[in-house]
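Have a look at the structure below before the remarks.
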Amino acid sequence: MKWHPLSSVRIKLTISQTASANIAYTDISSSHWAYEGIVTMASIDKTGFFKGEKFYGTHLATREAFTIAIYNALNAK
1 MKWHPLSSVR IKLTISQTAS ANIAYTDISS SHWAYEGIVT MASIDKTGFF
51 KGEKFYGTHL ATREAFTIAI YNALNAK
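Laid out in structure tokens, this is it:
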């Protein structure tokens, strides 16, 4: 098996600007420096991590949750 550095992996993402308007988290302020990026990523989420009204930015992901998120992202339709 040949390994490739992560820097050689490229992923194409299409971002919908209108989808971000429907996302509002109660645990992060809209004035937070990363808010726009968080909302953008949540609008294109294929992992299932960003559902609900809380972002939980201080929580750590378990190996199980991380594996499920990667699996869902790779198998998204």
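In this text, residue positions in the sequence shown follow UniProt numbering: the first is 1, and each later residue adds one.
C-beta: ideal position from N, C-alpha, C; glycine also.
Since this is a predicted model, take the numbers as computed values, not measurements.
Just to confirm, is the Cβ distance from PHE55 to ASP27 under 8 Å?
To locate residue 55, count along the sequence shown from 1; it is residue 55. To locate residue 27, count along the sequence shown from 1; it is residue 27. Closer than 8 Å, so yes.
As assigned by DSSP and simplified to three states, the class of THR18:
Within the sequence shown, the letter at position 18 stands for residue 18. Caution applies to THR18, whose pLDDT of 46 falls short of 50 and renders its modelled position unreliable; the value that the coordinates give is listed next. Coil.
Which residues in the same chain as GLY52 place their Cβ atom closer than 8 Å to its Cβ, once the five residues preceding and following it in sequence are excluded?
For the purposes of this step, residue 52 is identified with residue 52 of the sequence shown, where counting begins at 1. There are no such residues.
Range of the contiguous alpha helix (DSSP H) that encloses PHE55
Within the sequence shown, residue 55 is the residue found at index 55, counting from 1. No alpha helix (DSSP H) contains PHE55, which DSSP labels as neither H nor E.
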